[in-house]
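Here's the structure, in structure tokens; my notes come after.
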Amino acid sequence: MEDQRLLDNERHQIEQILQLDNEELQVEEVDYLPESDDDRDAINDHGGYEAFAEFTFNSSLASLHTYLGEVEDAHHRMAFLDGGAILNIPVFYLEGVVLFPEATLPLRVIQSNFIAAIERVLTHFDTPNTIGVVHVSVDSGSDRLRFANIGTTAEIRQFRRLEDGSLNVLARGKQRFRLRRRWIDVEGVPCGEVQIIQEDLPLRTPRDAFGDLAPRNTIQRHSLSCALASYTSCSRPFTSRDEEDDSASNSEESFERELSLRERKIHQAAIGSSESCSDEEISGSEAEHQHAMSHQNDSDSLGFLHSDYEKESEKPSPDIGKSSTSAKDSSERKEFKGCRRNSSFNHMHGVSKAFLPYWVYSMYDSYCLAQKAAAMWKQIVGAPNMDGFVKNPDILSFYIASKIPVSESTRQELLEIDGISYRLRREIELLKSIDLIQCKNCKTVIAKRSDMLVMSSDGPLGAYVNPHGYVHEIMTLYRANGLALRGRAETEYSWFPGYAWTISICATCETQLGWLFTATNRNLKPRSFWGIRSSQLADATR
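Take the sequence shown: its position 500, counted from the start at 1, is 500 in the UniProt record's numbering, and no numbers get skipped.
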């Protein structure tokens, strides 16, 4: 009897050890601050605290969606459509999901009408493998469904037919569209007439907006022929009139070609009032003095832009990582200087040929904004090399919009923004202002944005589908607060191979917020992490 009692005690101790991970994870705090720079750097490596010890999970497995089973590739891929093209395609209305171009969308198709829709596009040659995805939300006041007007086409890349007739599908967002009308056909398939949105090209500060200064010794040998305080009394420069007219006209034409219609009107109006003055003979400091004096009375036209720029520059940014305020300010100044330095020209070494100063153009230069947004994003989630994104501001704007920790309504707002620069500016504004992750219902603080953990090669936020066909967009966190666990840990149909999942609810309002994922293999790192549904998040801004 004594030996049996000892064996029972040992078995009980082993069971307690096996449950130790789960017991520790139920008591979490979000106000932890890494004490050393090594800890902060380690957190940024993978977006999580345990990363500095070891990170052994293969993040590419999650992006493959292996829980869908073996899939086959779809054929007859569709080319990119021209902006304005109109087509009729099956439309999937998804709650809790906002699909962006280049984002992955897994689907578990169970209902017969949606199965018919997938089978139709797999064999349709006009719009092969293409469906539309539109975000739908429930109006809290009337409980009525609200359909978004802007959606995204999704191209089916892989699929699998199951024995029960259902389909597992992997699709990828392709192009934004405007939903013109919707209906249900005789087979019960939801269809829509959509018009492809024409995407703009990335804006770049025109190369001819700023010219090189003449050598200083050359300038000193010639007197300045233009009064510093006025545009109105200038003599012609010392070069040949015919040569200058030709070069000026060529420069002006190439410059104006790169301006939008509105910018061109502003520029031409400015040229009309100052066309008799040449800036090419003025040195750097003298040019700045002339610019300041001559624009002293232009406060009505430039004041709002300058104040906007100053506000943006002086606006305090939230904690990024764990750095101090002064360090962050210094970092932002370095970002801006680096952006200007990496431009094709530097306004400190050139004379403005345009009415607007350099900093006005840089505020809407897509490549400058992309560099700033990429630096902020890398600092938050510890993403690897972002150089490829910086060279493609359009792709970067959609990438950040699909991963940023905001509510689905704000992400739909980002999808509806026309213009790469405007979308990037809005994302930079959100990255500066959003710090806390809160429950949508009771506003309980769940985590900080610095707690985001990259468990998939697609990023810290991605879409996953459960066995019942419901698509969840979840954000992975290495730590969360104010959550309680419900039920037992399950390993079947796990979105992250090697991890068991347990339902997690808000301890305050008892809304299901997501899942706790715990490693089933002791060699797997991190030992645990949280997956929080983005549809249950509130926008918590500073």
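Backbone N, C-alpha and C define an ideal beta-carbon position, used for all residues, glycine too.
*asked:* Going by DSSP, what residue range makes up the alpha helix (DSSP H) through R425?
replied: Its alpha helix (DSSP H) spans residues 420-433.
*Return the chain-ordered list of same chain residues with a C-beta closer than 7 Å to the C-beta of W183, the five sequence neighbours on each side being excluded.*
Cβ neighbours of W183 beyond the five flanking positions: C191.
_Check whether G469 and R108 have beta carbons under 8 Å apart_ = Cβ distance < 8 Å, so G469 and R108 count as in contact.
*Check K391 in the structure and name its three-state DSSP category.*
Residue state for K391 is assigned as coil, using DSSP reduced to three classes.
*asked:* I need the straight-line Cα distance from V121 to Q158, nearest angstrom please.
replied: Each residue's alpha carbon lies about 13 Å from the other.
*With K174 as the anchor, note down where its alpha helix (DSSP H) starts and where it stops.*
First-last for K174: 167-184, but that is the beta strand (DSSP E), not the alpha helix (DSSP H).
*Following the continuous alpha helix (DSSP H) through K378, name the residue where it begins and the one where it ends.*
Counting along the chain, the alpha helix (DSSP H) containing K378 begins and ends at 366-381.
*Take the Cβ of P467 as the centre, count every other Cβ of all protein chains shown within 10 Å, and call the residue buried at 16 or more, exposed below.*
When all chains shown are included, P467 counts as exposed.
*Would you mind stating whether E70 and R172 have Cβ atoms separated by less than 8 Å?*
No, the pair does not count as a contact, with Cβ atoms beyond the cut-off.
*What number of angstroms, rounded off, separates the C-alpha of R449 from the C-alpha of R77?*
Near 37 Å, if we compare the C-alpha coordinates of R77 and R449.
_Sub-8 Å separation of P202 and P393 beta-carbons_ = Against a cut-off of 8 Å, the Cβ pair of P393 and P202 comes out as a contact.
_Can you find the residues in the same chain that come closer than 6 Å, C-beta to C-beta, to L224, ignoring five residues on each side of it along the sequence?_
Note that L224 scores a pLDDT of 38, beneath 50, so its modelled location is shaky and nothing firm can be said.
*Please report how far the alpha carbon of D539 lies from the alpha carbon of C442, in whole angstroms.*
Those two C-alpha atoms are separated by around 12 Å.
*Which word fits H65, buried or exposed, when buried means at least 16 other C-beta atoms lie within 10 angstroms of its C-beta?*
The residue in question, H65, is buried, as its Cβ has 16 or more Cβ neighbours within 10 Å.
_Y358: first and last residue of the uninterrupted beta strand (DSSP E) it sits in_ = First-last for Y358: 358-362, but that is the alpha helix (DSSP H), not the beta strand (DSSP E).
*Looking at the unbroken beta strand (DSSP E) that takes in N441, where does it start and where does it end?*
Premise fails: N441 is in no beta strand (DSSP E) and is neither H nor E.
_Segment contact flag, the stretch 474-490 with the stretch 413-433, C-beta cutoff 8 Å, min 3 pairs_ = Flag = no, the stretch 474-490 and the stretch 413-433 do not touch.
*Which value, in whole angstroms, describes the spacing of the CA atoms of A370 and L424?*
A straight line joining the alpha-carbon of A370 with that of L424 spans about 7 Å.
*Own chain, CB closer than 7 Å to A447, minus 5 neighbours either side, in chain order*: Beyond the five residues adjoining it in sequence on each side, A447 comes within less than 7 Å, by CB distance, of V30, I437, L477, R479, A480, N481 in the same chain, given in chain order.
*Which of helix, strand or coil does DSSP assign to E492?*
Three-state DSSP puts E492 in coil, outside helix and strand.
*T518: first and last residue of the uninterrupted alpha helix (DSSP H) it sits in*: It is not in any alpha helix (DSSP H) - T518 instead sits in the beta strand (DSSP E) that spans 512-519.
_From W515, T508, V465, residue whose alpha carbon lies closest to that of L485_ = Among W515, T508, V465, the Cα nearest to that of L485 belongs to W515.
*From V169 to T511, what does the alpha carbon distance come to, in whole angstroms?*
Cα to Cα, the separation comes out at about 29 Å.
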